[in-house]
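2 protein chains.
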Amino acid sequence: MSLDRPSELQAGDARAPRQQPATLRDVAEAAGVHATTASRALNPKAQQLVNAETVRRVRRAAEELGYQPNPIARSLKTSKSSTVGLVIPDLTNPLFPPIVRGIENVLESAGYSALIVNTDNDPQRERALIESLRSRQVEGLIIATALLDHPLLQQLQQQDVKIVLINRRIENLRMPFVVGDDATGIGLAVKHLAALGHTRIAHLAGPQTTSTGVVRSRAFRHAVRDNGLEEDPALIVECAHWSEEDGAGAMRELLDRGTRATAVVAGNDLIALGCYDVFADRDISCPEDVSVVGFNDMPFLDKLRPPLTTVGVPHHELGAEAARMLLDSIDEPERYPRSLLLPVSLILRDSTAAPPA
Amino acid sequence: MSLDRPSELQAGDARAPRQQPATLRDVAEAAGVHATTASRALNPKAQQLVNAETVRRVRRAAEELGYQPNPIARSLKTSKSSTVGLVIPDLTNPLFPPIVRGIENVLESAGYSALIVNTDNDPQRERALIESLRSRQVEGLIIATALLDHPLLQQLQQQDVKIVLINRRIENLRMPFVVGDDATGIGLAVKHLAALGHTRIAHLAGPQTTSTGVVRSRAFRHAVRDNGLEEDPALIVECAHWSEEDGAGAMRELLDRGTRATAVVAGNDLIALGCYDVFADRDISCPEDVSVVGFNDMPFLDKLRPPLTTVGVPHHELGAEAARMLLDSIDEPERYPRSLLLPVSLILRDSTAAPPA
DNA sequence: TTGTACGCGTTATCAT
DNA sequence: ATGATAACGCGTACAA
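Residue numbers (UniProt numbering), protein chains in the order written: chain F, 1 to 357; chain Z, 1 to 357.
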């Protein structure tokens, strides 16, 4: 049989580059098959249903036309968007970029991408943003804004929205999460300070509306007891937010209470930064007068004066694992929800030393 | 079977709670009109074509059913994805989060969202990622990775891809950009140092493959001349990357050349951070021995020792303006490409002082 | 002012 | 092994 494919014609075609991107039909036509067949030939999962020779013809045509499947049409048909939503408080908090990159790494290799939204810790905003994410047909949600009491999340779970919590968890809901081992981290910090000779150690706790806040302060109280240190309630101050400003406020409160603490375990690095601010104001020197330990090991802490001792959390891995879990739960919806506790480590710098004599 | 559904809540209308999200047809049916009419009633632009009373009925039905238009179907029809691509080198570089938030702010209020990709400055990766973005039908691209010689961008422009450059520009291509006023910023820095009494001022230049690198070092040379300072080529060292590591390398080079500079204008904050590292190693004190000025005012610079004097760039605004420009050029494709130069300001902290006597 | 009919590009389902 | 047909949910000429 003689296929008429005069080479001149091809040259002519090439001269007139398609403005419109090639569609599946174009490919099918070029390969002399029906669109359905072309679809199968191009789809690895259905490829086996079609003649090997045909597959080659189709693929070749696709190649030549620079065919790119239209993911929107595909989504409409399959109601899968290859997209997941990522809900964080604020991208400019240095804690999150490494998490995001970890997530995107994993997503990318699975052909997924992430839609990121920032809630600024505003529940109204969070609700609206999640709604918009859902209307964009995200296949699942990775959420970093979980509160201990979070009706919205509960509601989403009832609607069978696939969710993985990151960095924070919810205790009573059975919802998969990926977090750092906060309790161990705080234990390490307290033990380190105790070994240095501190006996009056304070804790600037994070908001008790979050699991991280609660877990860390509970771990703090246990560690104090385990190390035989002074258990003075006045040594614990709660911050309303995980912010430098609130950290400073709590530090001032601590000082004004006259607790004579010689060391402070901050709920996180931002809170520790707040301590630094107060030290500067009040002419307190760290670590000579007061030692400080942070939590998270966010970037550039080694450039502070003094470089901040802190608990290192593998944020990139946290993100990667959360993404993997979400993809798994999309693939196998019935799978029992797992959760992960990633190991942390104490990072010694110069903000901790023996207490003043 | 017992679905746990709060009976009071839905008592009124929805006897059969939809599992499937409501579609336009559902709304139309509920309102007793045809889908077309419902579509028009819901679409602000076509709303005027329909009876006010009907509009109310439709809207009410939509409200009650919790109708959310399916953006995928809409995209397929209109071939608009309401999505733009954002191409940055690395989200963990603190420079970018504020830019991203600025972009998302504007996008959000226009019903758009951003797909973010990190190139890690790898051209291969960049090409692949942009391709994947395009296959996701993004309506435009905001690009922060532009190099002076960037064939890919040129190629995209020829394909009529809508692009706005941010933070960096390309001089010969006519492509809209939004950048800070680098030249003025450097001028401010040099003038400040000159006023302090410095005469031998060094410049640790950023990569000359980027417009920012080139513009800043050109501005530096001009400023040195304008202020009547010493024009010694040995006082300028180029960094291969905008990184702390390269900054440290360049600082060492400068020291080893024996240039006896009393101040350095770093290409950006990261490079300035590299200087701090070298100072620590070599027992040089800043600002007593050497003054340093950074560029960008990334977060937490005020916590360094010493707090870094730098040039503040309005990153959030940069992002917002770039997003606006992109949306504009999507709306009005024929509009002449604008570009924006946003004002910067010198932020005085403690890393600059008079030269040693 | 409202309704009809069709198509966006793809895939699922059935038939051949 | 391949083809025909319908449908995903929406928007829009065109008709009424």
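Glycine included, C-beta positions come from ideal geometry on N, C-alpha and C.
Note that the structure is predicted; figures quoted are calculated from it, not measured.
* Would you report the Cα separation of F:Glu-332 and F:Pro-356, rounded to the nearest angstrom? -> 58 angstroms
* **Segment limits, alpha helix (DSSP H) that includes Z:Thr-310** => Not the alpha helix (DSSP H): Z:Thr-310 falls in the beta strand (DSSP E), residues 310-312.
* Asked: Could one say the Cβ of F:Asn-227 lies closer than 8 angstroms to chain Z's Cβ atoms, at least one of them?
  -> no
* Asked: Of all the CB atoms in chain F, is at least one closer than 8 angstroms to the CB of Z:Lys-162?
  -> no
* Whose C-beta lies closer than 6 angstroms to the C-beta of Z:Met-298 among residues of the same chain, with five residues either side of it excluded? -> Pro-94, Leu-95, Asp-269
* To do: Could you pull the start and end residues of the alpha helix (DSSP H) that Z:Val-278 belongs to?
  => 269-282
* F:Gly-294 versus F:Phe-220: straight-line alpha-carbon distance, rounded -> 13 angstroms
* Please determine, among F:Arg-349, F:Ser-339, F:Ser-345, the residue with the shortest C-alpha to C-alpha distance to F:Val-179. => F:Ser-339
* Contact list for Z:Ser-81 against chain F, beta-carbon separation under 7 angstroms -> Ile-72
* Would you give the residue range spanned by the beta strand (DSSP E) that F:Asn-118 belongs to? => 113-118
* Are the beta-carbon atoms belonging to F:Arg-257 and F:Ala-272 less than 8 angstroms from one another? -> no
* Length of the line joining the Cα atoms of F:Thr-119 and F:Ala-31 -> 49 angstroms
* **Where F:Arg-216 falls: helix, strand or coil (DSSP)** => helix
* To do: Could you tell me if F:Tyr-112 is buried or exposed, where buried requires 16 or more neighbouring beta carbons within 10 angstroms of its beta carbon?
  => buried
* Could you check how far apart the C-beta atoms of Z:Leu-147 and Z:Thr-78 are, in whole angstroms? I think they sit under 8 angstroms. => Contact doesn't hold; Cβ gap of about 34 angstroms is too wide.
* Asked: What do you get for F:Tyr-336, buried or exposed, if any count of 16 or more other CB atoms within 10 angstroms of its CB means buried?
  -> exposed
* Going by beta carbon distance, what residues of the same chain come within less than 7 angstroms of F:His-198, once the five residues before and after it are set aside? -> Thr-262, Ala-263, Ser-291, Pro-355
* Asked: Taking all protein chains shown into account, do 16 or more other C-beta atoms lie within 10 angstroms of the C-beta of Z:Lys-303, making it buried, or fewer, making it exposed?
  -> buried
* If we cut at 8 angstroms on Cβ distances, does Z:Glu-104 have a partner in chain F? -> yes
* Between the Cα of Z:Ile-330 and the Cα atoms of Z:Asp-160, Z:Thr-23, Z:Thr-145, which residue gives the shortest distance? -> Z:Asp-160
* Asked: With DSSP run on the structure shown, which of helix, strand or coil describes Z:Pro-17?
  -> With a pLDDT of 44 at Z:Pro-17, under the threshold of 50, the predicted position of this residue should be treated as unreliable, though the coordinate-derived value follows. Note: Z:Pro-17 maps to coil in three-state DSSP.
* For Z:Arg-25, which residues in chain F fall below 9 angstroms Cβ to Cβ? -> Residues of chain F passing the Cβ test: none, with the nearest at roughly 15 angstroms.
* Asked: Out of Z:Arg-252, Z:Ser-345, Z:Ala-322, Z:Arg-218, which has the shortest C-alpha to C-alpha gap to Z:Leu-141?
  -> Z:Ala-322
* Asked: What alpha helix (DSSP H) runs, 4 residues minimum, are completely inside the stretch 34-94 of chain Z?
  -> 35-42, 52-65, 71-78
* Roughly how many angstroms separate the alpha carbons of Z:Ile-99 and F:Ala-38, rounded to a whole number? -> 43 angstroms
* Alpha carbon to alpha carbon, what distance is there between Z:Arg-60 and Z:Gly-66? -> 10 angstroms
* Asked: DSSP on F:Ile-236, reduced to helix/strand/coil?
  -> strand
* Can you find a CB in chain F that lies within less than 8 angstroms of the CB of Z:Thr-92? -> yes
* **Of the residues F:Ala-22, F:Cys-239, F:His-222, the one placed nearest F:Glu-231, counting alpha carbons only** => F:His-222
* **Run of the alpha helix (DSSP H) containing Z:Phe-96, from where it starts to where it stops** => 96-109
* **8 angstroms Cβ cutoff, Z:Tyr-276 in contact with chain F** => yes
* Identify the residues that DSSP records as bridge partners of F:Asn-296: which are they? -> F:Gly-312
* May I ask which residues mark the beginning and end of the beta strand (DSSP E) holding F:Val-178? => 177-180
* To do: Report, in whole angstroms, the separation of the C-beta atoms of Z:Gln-20 and Z:Ser-75, which I expect to be a contact under 8 angstroms.
  => 19 angstroms between Cβ atoms; not a contact.
* **Residues from the stretch 319-353 of chain F in contact with chain Z, defined by Cβ distance under 7 angstroms** => none
* Terminal residues of the alpha helix (DSSP H) in which F:Ala-31 lies -> 24-31
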